[in-house]
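**Student:** Following this message is one structure expressed as structure tokens.
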Amino acid sequence: MSSPNDQDGRVRWGDDLAPGPAESGAWRSAPSSESAGIRRQSERSEPAGTAPAAMRLLVVEDDPAMSALLVRGLERIGYVIDAVDNGPDALWSIFENGYDAVVLDAMIPPPDGFEVCRRMRAEGRWEPVLLVTARDAVPDRVRGLDAGADDYLMKPFTFAELYARLRAIIRRHPHARPAILQIGDLTLDPVSKVVRRSATRIALSPREFALLEAFMRRPGELLSPADLVDDVWDLALDGPELVGTYVRYLRDKVDRPFGRHSIEALTDLGGYRLDPEA
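Under the working numbering, the first residue of the sequence shown is numbered 8, with each subsequent residue one higher.
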């Protein structure tokens with residue numbers, strides 16, 4: 008196939024992965040997975056200084072050339088890859104297998120990537136998800152993050168950016184989080200994903216939950232939009248406007264119904280703060 012470029016809306020070649028012949032090793036079916044259409048390439052020795060040994064990813068992409076390119080690039084740095092090309096097979100694979108992360112194209116055959124992610128979270132599956140899409144409007148990004156994606160990668164992209172985002176979301180895997188956070192009468196349980204103000208349970212989207220957790224880990228500190236991007240979205244945002252949108256969503260749920268003002272927007276100082284005394 009021809010080398011990807013900016014015009015086709017796909018991956019840009021960079022210095023990190025030059026085009027070349029396909030790696031050696033034949034495709035083989037994943038055990039007991041032919042009905043799901045899973046493809047996995049044979050495992051190879053791990054290149055030094057790349058992905059941790061035996062780290063397994065699911066790639067969900069319906070374009071055959073793009074899927075093959077992603078698989079080859081990720082395997083080159085040492086990941087073990089399963090690949091599917093539609094929503095039903097993605098859900099089957101996720102619920103049947105354990106993955107360290109999922110690279111999920113938004114516009115796959117239905118259910119699309121947004122719905123796949125939403126169903127994962129609804130069923131308590133918290134594998135890190137990198138949502139890949141050509142849609143760059145703020146409402147589309149909000150939709151993806153609300154569905155539970157951990158990060159958002161715009162096409163076209165370089166492999167260096169893809170690798171960095173994967174490392175970031177895997178590093179922030181929720182199993183490493185402590186059991187309960189409490190500030191005054193506000194509690195957050197990362198394991199059960201339950202937030203309460205006194206005895207009242209508060210329903211939050213996955214992104215609102217992650218934002219509240221970032222505030223509760225650093226009570227009283229002034230957090231800039233850049234701080235929150237790093238803590239909650241990693242590399243996902245192009246600007247601070249989406250941070251402000253989610254802060255407003257969060258205040259509407261955890262503060263205003265209870266007559267509180269604990270999450271402060273300090274515009275003169277250029278950031279936000281959770282007041283532990285409010």
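Even for Gly, the Cβ is constructed at its ideal location relative to N, Cα and C.
So, under 8 Å CB-CB, residue 7 and residue 152 are touching, yes? Tell me the CB distance rounded to an integer number of Å.
**Tutor:** The requested residue 7 does not occur in the structure, where the chain is confined to residues 8 to 285.
**Student:** Measuring CB to CB, does residue 97 end up less than 8 Å from residue 123?
**Tutor:** Indexing the sequence shown from 1 puts residue 97 at position 90. Indexing the sequence shown from 1 puts residue 123 at position 116. A contact, by the Cβ cut-off of 8 Å.
**Student:** Residue 192 to residue 218, Cα distance in whole Å?
**Tutor:** The residue labelled residue 192 in the question sits at position 185 within the sequence shown. The residue labelled residue 218 in the question sits at position 211 within the sequence shown. Going from the Cα of residue 192 to the Cα of residue 218 covers about 18 Å.
**Student:** Quick check on residue 127: does DSSP put it in helix, strand or coil?
**Tutor:** Here residue 127 refers to the residue found at position 120 when the sequence shown is read from its first residue. Of the three classes helix, strand and coil, the one that applies to residue 127 here is helix, per DSSP.
**Student:** Starting from residue 270, follow the beta strand (DSSP E) in both directions and report where the run begins and ends.
**Tutor:** Working through the sequence shown from its first residue, we reach residue 270 at position 263. Its beta strand (DSSP E) spans residues 270-273.
**Student:** For the alpha helix (DSSP H) containing residue 106, name the first residue and the last one.
**Tutor:** Along the sequence shown, one-based indexing puts residue 106 at 99. Unbroken run through residue 106: none, as it is neither H nor E.
**Student:** Name the residue from 119, 195, 130, 129 whose alpha carbon lies nearest to the alpha carbon of residue 138.
**Tutor:** Your numbering for residue 138 matches position 131 in the sequence shown. Of 119, 195, 130, 129, the residue nearest in Cα terms is 119.
**Student:** According to the neighbour-count rule (16 or more other Cβ atoms, all chains shown, within 10 Å of its Cβ), is residue 276 buried or exposed?
**Tutor:** For the purposes of this step, residue 276 is taken as residue 269 along the sequence shown, with counting starting at 1. Exposed: under 16 other Cβ atoms inside 10 Å.
**Student:** Which residues bound the alpha helix (DSSP H) around residue 253?
**Tutor:** The sequence position of residue 253 within the sequence shown is 246, counting from 1. That run of the alpha helix (DSSP H) goes 248-261.
**Student:** Return the chain-ordered list of same chain residues with a C-beta closer than 7 Å to the C-beta of residue 211, the five sequence neighbours on each side being excluded.
**Tutor:** Taking the first residue of the sequence shown as 1, we reach residue 211 at position 204. 202, 219, 260.
**Student:** Which residues in the same chain as residue 77 place their Cβ atom closer than 7 Å to its Cβ, once the five residues preceding and following it in sequence are excluded?
**Tutor:** Stepping through the sequence shown from its first residue, residue 77 is reached at position 70. The residues are 66, 68, 110.
**Student:** Near residue 132, what residues of its chain come up, given a Cβ to Cβ distance below 8 Å and the 5 sequence neighbours on each side ignored?
**Tutor:** Locating residue 132 in the sequence shown gives position 125, counting from the first residue. Correct list, in chain order: 101, 102.
**Student:** Would you give the residue range spanned by the alpha helix (DSSP H) that residue 170 belongs to?
**Tutor:** On the sequence shown, position 163 is the one that residue 170 refers to. Segment 166-178, the alpha helix (DSSP H) holding residue 170.
**Student:** By the DSSP assignment, the beta strand (DSSP E) with residue 193 in it spans what residues?
**Tutor:** Stepping through the sequence shown from its first residue, residue 193 is reached at position 186. From DSSP, the beta strand (DSSP E) with residue 193 extends over 193-196.
**Student:** Could you give the distance in angstroms between the alpha-carbon of residue 121 and the alpha-carbon of residue 150?
**Tutor:** Working through the sequence shown from its first residue, we reach residue 121 at position 114. Working through the sequence shown from its first residue, we reach residue 150 at position 143. Between residue 121 and residue 150, the C-alpha separation is close to 7 Å.
**Student:** DSSP three-state call for residue 147: helix, strand or coil?
**Tutor:** Numbered from 1 along the sequence shown, position 140 holds the residue referred to as residue 147. Helix at residue 147.
**Student:** Across which residues does DSSP place residue 161 in a beta bridge pair?
**Tutor:** Within the sequence shown, numbered from 1, the residue matching residue 161 stands at position 154. According to DSSP, residue 161 bridges with 140.
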